[in-house]
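Right, one structure below, let's go through it.
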Amino acid sequence: IAKARGVKADSVPSLGLAISFLILMDPFQAIDPGFALSVAATAGILLLAPRIQSWISERFGHEKFAEVLAIPLSATIMCTPVILAISGLFSLVSIPANILAEPVVAPITVIGFIAAILSPGIPVLAHLLLVLVKPLAQVIVWISNFASDLPVLLLPKSYLGAAIALAVIALIKFRKWLALGLSGCAVITIILLPGQWPGKKWEVANCNVGQGDGLAINLGNHSAIVVDVGPDANLMNACLKDLGITDIPLLVLSHFHADHVHGLDGVLNGRTISSIWVTNYGEPKSERDTAYLLLNQIPIHQAVVGERVGFNSAKGQVKIDVLWPTKTEQNFAAMPGDGSSINNSSIALLITVGTLRIFTAGDLEPPAQEALMNLSKISPVDIYKVSHHGSAYQYAPLMSALQPKVALISVGLGNSYGHPAPTTVAAFEKMGTKVMRTDQDGAISVDGALKIRTKRSDWWNISWG
Numbered sequence: 054i055a056k057a058r059g060v061k062a063d064s065v066p067s068l069g070l071a072i073s074f075l076i077l078m079d080p081f082q083a084i085d086p087g088f089a090l091s092v093a094a095t096a097g098i099l100l101l102a103p104r105i106q107s108w109i110s111e112r113f114g115h116e117k118f119a120e121v122l123a124i125p126l127s128a129t130i131m132c133t134p135v136i137l138a139i140s141g142l143f144s145l146v147s148i149p150a151n152i153l154a155e156p157v158v159a160p161i162t163v164i165g166f167i168a169a170i171l172s173p174g175i176p177v178l179a180h181l182l183l184v185l186v187k188p189l190a191q192v193i194v195w196i197s198n199f200a201s202d203l204p205v206l207l208l209p210k211s212y213l214g215a216a217i218a219l220a221v222i223a224l225i226k227f228r229k230w231l232a233l234g235l236s237g238c239a240v241i242t243i244i245l246l247p248g249q250w251p252g253k254k255w256e257v258a259n260c261n262v263g264q265g266d267g268l269a270i271n272l273g274n275h276s277a278i279v280v281d282v283g284p285d286a287n288l289m290n291a292c293l294k295d296l297g298i299t300d301i302p303l304l305v306l307s308h309f310h311a312d313h314v315h316g317l318d319g320v321l322n323g324r325t326i327s328s329i330w331v332t333n334y335g336e337p338k339s340e341r342d343t344a345y346l347l348l349n350q351i352p353i354h355q356a357v358v359g360e361r362v363g364f365n366s367a368k369g370q371v372k373i374d375v376l377w378p379t380k381t382e383q384n385f386a387a388m389p390g391d392g393s394s395i396n397n398s399s400i401a402l403l404i405t406v407g408t409l410r411i412f413t414a415g416d417l418e419p420p421a422q423e424a425l426m427n428l429s430k431i432s433p434v435d436i437y438k439v440s441h442h443g444s445a446y447q448y449a450p451l452m453s454a455l456q457p458k459v460a461l462i463s464v465g466l467g468n469s470y471g472h473p474a475p476t477t478v479a480a481f482e483k484m485g486t487k488v489m490r491t492d493q494d495g496a497i498s499v500d501g502a503l504k505i506r507t508k509r510s511d512w513w514n515i516s517w518g
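Following our numbering, the residues of the sequence shown are numbered contiguously, the last one being 518.
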């Protein structure tokens, strides 16, 4: 208004008055992070934007470019200390995201303000205005969702984070060439390093446990269903720590081979487990007895085909259908290698999280896979944790019936079994399935939109083209 009238605006006193009025109306605003961010962003635009715009304009000679960049940059500078204090996170894309959203903010604000004024007296007109402005608001939502899936920098907490912050401040005093070199290193690091694993919206995570299985289904609030625990307790514990899992309502041990149960100690480390499902085939006896000893006092249930349970989780309704084994032991022709009877006793599950469908069947071999299909109607799924580490022994009709969009193969690097078999990988790729392997990709996470993140331990081993 002051600019339109050609008079000097008293922006800082106006901001102070607005802050005081809002806190008087609602004292709890004083401790609301959202309010703090709004004040910081507004103060940045009022105090820093003119100077930043002037500096960019003088340096690069682009008035419009300077004006577009100054507002999000000034707001980000003022908001960053608050964001770091609250979360320890700094988004690498906040400024570009704000620039993209900037053109629609003004019309949304103006039209929304008019609608708010009209709402008590002329609600129909107010509603019409809000309907007109809704597509613009959806643009901001889309930008926000897209930006939230991109990498963030995580500031370590406690003394390490403080030391890094002080080191950055100290670097300002160094010579320009050194600062430039360090900036270049930072850019290269940001490009090479993947986004933070497993991502905010992960639904399914395949842990990298070597030659074994370890799967987690996210229930929200640091809770997950875990299927198998791999051969290494340290690797399984580290994976669940990365996932932030402290509560396991259901732990499923598909069968008692060591590569599926030896990591049990790692899962039990500092976590609450409410119930255990195991197969009704108790071999190998030594592995079963060790597992039962560790699981002392936790309810253990032998899962069989036809059972269904549901969980009310922070992610919504979760359903688990048991598709195998049968109540009585089945005798099948043994496949090459050892342990076919044990493999064919594996628990097979169809897990439904919202609209996401996940199929996992331990180390089930073709004869048992065929029998499973005869007992249950199999329909397409989103994610298939491939049986028996992607070995060559797969029942092709089951693969075709599942038609997975993503196939997760949990396999050890350089294993002596030749897993996964090239024929199995090729069969999935032929049907258009995205194949992910822990030996090549490290730990794998998949969100509800089937976006995949990986955590490679050898992140420097980059493949170009």
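By construction, the Cβ of each residue, glycine as well, lies at the ideal position given by its N, Cα and C atoms.
Nearest-angstrom beta carbon gap, residue j and residue i [assumed within contact, 8 Å]
i           : j           : result
residue 400 : residue 305 : 6 Å
residue 440 : residue 422 : 7 Å
residue 409 : residue 376 : Between residue 376 and residue 409 the Cβ distance is about 17 Å, and since that is not below 8 Å, they are no contact.
residue 407 : residue 368 : 7 Å
residue 258 : residue 505 : The Cβ separation is near 11 Å, so there is no contact.
residue 264 : residue 312 : 6 Å
residue 446 : residue 475 : In fact, because the Cβ distance is near 14 Å, the residues do not count as touching under 8 Å.
Inter-residue spacing [alpha-carbon to alpha-carbon] between residue i and residue j
i           : j           : result
residue 500 : residue 251 : 9 Å
residue 154 : residue 359 : 51 Å
residue 477 : residue 471 : 11 Å
residue 173 : residue 162 : 18 Å
residue 278 : residue 373 : 10 Å
residue 98  : residue 73  : 19 Å
residue 488 : residue 494 : 10 Å
residue 70  : residue 503 : 48 Å
residue 426 : residue 397 : 14 Å
residue 295 : residue 198 : 22 Å
residue 370 : residue 362 : 11 Å
residue 384 : residue 394 : 7 Å
residue 308 : residue 249 : 32 Å
residue 310 : residue 473 : 18 Å
residue 520 : residue 156 : Since the displayed the chain opens at 54 and closes at 518, residue 520 lies outside it and no answer follows.
residue 194 : residue 331 : 44 Å
residue 437 : residue 94  : 45 Å
residue 119 : residue 102 : 9 Å
residue 179 : residue 168 : 4 Å
residue 416 : residue 92  : 57 Å
residue 117 : residue 152 : 12 Å
residue 515 : residue 262 : Confidence at residue 515 is low in this model, with a pLDDT of 37, below 50, so the placement of that residue is unreliable and no value is reported for it.
Bridge partners - residue i, DSSP secondary structure assignment
i           : result
residue 402 : 375 and 413
residue 427 : According to DSSP, which records beta bridges pairwise, residue 427 is partnered with nothing at all.
residue 437 : 412 and 460
residue 301 : 326
residue 167 : Bridge partners of residue 167: none, in fact.
residue 255 : 500
residue 270 : 257 and 278
residue 306 : 331
Per-residue DSSP class, three states only, for residue i
i           : result
residue 359 : coil
residue 64  : helix
residue 382 : coil
residue 489 : strand
residue 509 : coil
residue 247 : With a pLDDT of only 47 at residue 247, under 50, the local geometry of the prediction cannot be trusted, and the value read off the model is given with reservation. If DSSP states are grouped into helix, strand and coil, residue 247 belongs with coil.
residue 354 : strand
residue 279 : strand
residue 365 : strand
residue 194 : helix
residue 331 : strand
residue 447 : coil
residue 370 : strand
residue 96  : helix
residue 264 : coil
Contact with chain C by residue i, beta-carbon distance below 7 Å
i           : result
residue 498 : Among the chains in the structure shown there is no chain C, since it carries only a single protein chain.
Residue i: CB within 6 Å of a non-hydrogen atom of the ligand PLP
i          : result
residue 79 : This structure does not include the ligand PLP; it has no bound ligands of any sort.
Next item on the list: Would you be able to state if there are at least three C-beta pairs under 8 Å between the stretch 265-275 and the stretch 290-309?
Entry: yes
Check: Should the stretch 129-136 be called in touch with the stretch 107-120, which here means at least 3 C-beta pairs below 8 Å?
Finding: no
Next item on the list: Answer yes if the stretch 305-324 comes into contact with the stretch 424-431, meaning at least three C-beta pairs across the two stretches below 8 Å, and no otherwise.
Entry: no
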